[in-house]
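Everything on this sheet refers to the single structure shown next.
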Amino acid sequence: MAEAVVRCLRDGRLDGEHAPALAVEGSLQCCPLAAGAMLHIAAALASQVAAGKAQARGLVVVAFDRSPQVYLEFMRRRGLDANALDRCVRILDCYSDPLGWKQKSQNQQHQGNSAKHFSTNKENITVYRSVKDVTKLMSSTTELGGGFEGEGKKYFSVAVDSISSMLRHASVPSISGLLSNLRSHEQVSSIFWMIHSDLHEPKVPRAFECLSTMVACVEPALVDPICGESPGNMSILELNYSKAKFIVRLKRRNGRVKHLYEDLYIEGNDIKFDSAPSVSIEVNQSLVPKVQFNLELSEKERSDRANVVLPFEHQGNGEPIRIYDGRRSLPEAQRDLSLTAPALVDEIKAPKSGTAKGEIHYFRDSDDEQPDSDEDPDDDLDI
Amino acid sequence: MEEYGGGGGDLLSEAMGSAARVVVVEDCVEAPGAFVLHLLLKRALASGGAAAFLALAQPFSYYDRVLRKMGCNLSLHRRNERLHFFELLGFPGKASFYYRNCSLVVLIHEDIYADEENMGLLLHLRYIADLVIKAAPLSTGLAADVHGQLSVVNKGTFSEQRAKAQKVWNFHFKGKENGADFFYPGTRH
């Protein structure tokens, strides 16, 4: 259930590094599933935090797209009790009154009543009313994050749902500045955000991808061949609202990118993941560029390659070294003694004769590693 | 939004369900969707609710006449302050809104906004909508008994009670003086 991603977020940052950052990208065709993926990751991370298994002591959710109650109810359904939620989850509510209009109109209605205080926050929800002020948003987030109780270093994780809504009120540079600052903030353990790719020009989601160490794309299960929601494609639309693909790219510390793929579907009020069988083969195939040449090797080609005698290679089987001069195939060269160069051969056979001639000792390196090998030494570390 | 369901046991009410906060109605020249807006307004007022209507397309007199034929007296509701009507005819743009209590219903003409530049508004509205109702012509062309088809996409948030309910609906409609009939394709004699 998106375990690799949740694990990375849970484990947090190493000393001297920035916090791991996950970008979740959704699209209109499967937006309920993208929303579900965000809810799932938030709930899973909150559970880990509550159980004391995470680096962070708490999770701060910066909620633009949904009412805070939606997150809390979802987490409750996932088994987080009121006590755990109070301890480990804080929601910065940018949904209810993002520009402060409600407060203004309430203040106008109650002009005589100065005793009323309209920013009372209930439980773990703090209403935020200045979404255009990104600097203030940053300080409100870190203030909430610093308020979690617990032992050890005061780490907290941050979820932003969503960047697309933030972009209605603030610019790309200011928001990417916010995310960078959060990532480099010494108390931030991990951060993840949602962006709806089709609401922006392509360069915008890419800009935010650059800030991330993991990208999870929620893609429609079935691609609609006729673009749009024309009434004729109702069945495709219905399917895409209940099922989607969850494609993750994880950047490892050694620089390699790990690809993971799962199916994602809605079941009742919950969201579930279905691990597809290992798709490293699929991924390998998809990495080979589609051109008109054949870039793969057939079995015969592979065995012929294995049989090629490389010049200067020590064959090590006690026989005289054959130097392949490239003009004929090796078996023919063996029969035609005039082609072998005895002088050179003798020198190699008697390397320490004292004559100061150059020598080449060639030891073939291990067989070429397949470029798309999914052997990953870090896999040993995964528990 | 419960009132929408209570107004009639028809396909549209069933498809819409309840608790939708934002409803976007899309239409085009071949299949005008304003009748959906009128129907929703009538149902909201008929069940004792209140509404604020932002009219950018027509003056009050037009809606008064239309709703009167549907059996709803807008002038009376306006006098009783159950309807707040805002005439914004000079507003550049082709959209009408009505806002009641905690729901927002928007009518937008898709063919005007579906070009590259303005697609943004359409996409944003579709994103924030809980419910998208789209009026479109029949692929077979004009007909006397069927005026078009309506597709209703009920996204259903995670707090929706009707989590298992059908999300996507498609049925035909025929406009009448006092409203509209909704029926599945082929069920009309």
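Protein sequence lines correspond, in order, to chains A and B.
324 is the number that full-length UniProt numbering gives to position 324 of the first sequence; each next residue is one higher, with no gaps.
139 is the number that full-length UniProt numbering gives to position 139 of the second sequence; each next residue is one higher, with no gaps.
All C-beta atoms, glycine included, are put in the ideal place defined by N, C-alpha and C.
H196 (chain A) belongs to the set of residues whose beta carbon lies under 8 Å from a beta carbon in chain B.
For S151 (chain B), at least one C-beta of chain A is nearer than 8 Å to its own C-beta. According to the DSSP assignment, M75 (chain A) belongs to the alpha helix (DSSP H) that extends over 68-77.
In the DSSP assignment, F156 (chain A) forms a beta bridge with A:G58, A:V188.
In this chain, D130 (chain B) is not harboured by any beta strand (DSSP E), its DSSP state being neither H nor E.
Of A:Q109, A:A37, A:L250, A:E201, the smallest CA-CA separation from K243 (chain A) is found for A:A37. Around P68 (chain A), the same chain offers I91, D93, I125 as residues with beta carbons nearer than 6 Å, after the five sequence neighbours per side are excluded.
Taken through DSSP and simplified to helix, strand or coil, V25 (chain B) comes out as strand.
If you draw a straight line from the Cα of A43 (chain A) to the Cα of Y261 (chain A), it comes to about 20 Å.
Along the stretch 9-34 of chain A, going in chain order, the ones with a CB nearer than 9 Å to a CB of chain B are L28, C31, P32.
For V66 (chain B), the closest C-alpha among the options B:P185, B:F182, B:E177, B:L83 is that of B:E177.
A straight-line Cα-Cα distance of about 21 Å links K136 (chain A) and R66 (chain A).
If you draw a straight line from the Cα of A55 (chain B) to the Cα of Y62 (chain B), it comes to about 10 Å. Counting C-beta pairs with one atom in each stretch, the stretch 182-198 of chain A and the stretch 9-27 of chain A have three or more that are closer than 8 Å, which means they touch. In the DSSP annotation of this structure, the continuous segment of the alpha helix (DSSP H) that includes I236 (chain A) starts and ends at 234-240. Using a CB distance cut-off of 8 Å, H147 (chain B) does not count as an interface residue toward chain A. In the DSSP secondary-structure assignment, N254 (chain A) is not bridged to any residue. In the DSSP annotation of this structure, the continuous segment of the alpha helix (DSSP H) that includes M138 (chain A) starts and ends at 134-145. Within chain B, the residues S151, V168, N170 have their CB atoms less than 7 Å from the CB of M234 (chain A), given in chain order. Beta-bridge partners of R90 (chain A) (DSSP): A:V60. As DSSP reads the structure, Q149 (chain B) sits in a beta bridge with B:A136, B:H172. Taking a Cβ-Cβ cut-off of 7 Å, E149 (chain A) has no neighbours in chain B, whose nearest Cβ is about 29 Å from it. The straight-line gap separating the alpha-carbon atoms of F173 (chain B) and A170 (chain A) is approximately 43 Å. Annotation: A129 (chain B) to V172 (chain A) spans about 24 Å, alpha carbon to alpha carbon. It is roughly 12 Å from the alpha-carbon of N294 (chain A) to the alpha-carbon of E301 (chain A).
Ranked by Cα distance from V132 (chain B), the options B:A15, B:D10, B:G175 are led by B:A15. In terms of Cβ geometry, N240 (chain A) and L222 (chain A) form a close pair [threshold 8 Å].
Within chain A, the residues L28, D198, L199 have their CB atoms less than 7 Å from the CB of L123 (chain B), given in chain order. Counting along the chain, the unbroken alpha helix (DSSP H) around D111 (chain B) starts and ends at 110-113.
Under the DSSP assignment, V215 (chain A) falls in the beta strand (DSSP E) whose first and last residues are 214-220.
The bridge partners DSSP lists for H169 (chain A) come to none. Residues of the same chain with a CB within less than 7 Å of the CB of I175 (chain A), apart from the 5 flanking positions on each side, are V134, I163, M166, L167 in chain order.
Here the stretch 42-57 of chain B lies against the stretch 83-90 of chain B, with 3 or more beta-carbon pairs under 8 Å apart. Pairing H185 (chain A) with L9 (chain A), the inter-Cα distance amounts to about 15 Å.
Going by C-alpha positions, D274 (chain A) is about 15 Å away from P220 (chain A). Between V24 (chain B) and the set B:G141, B:I112, B:F171, B:L125, the nearest pair of CA atoms involves B:L125.
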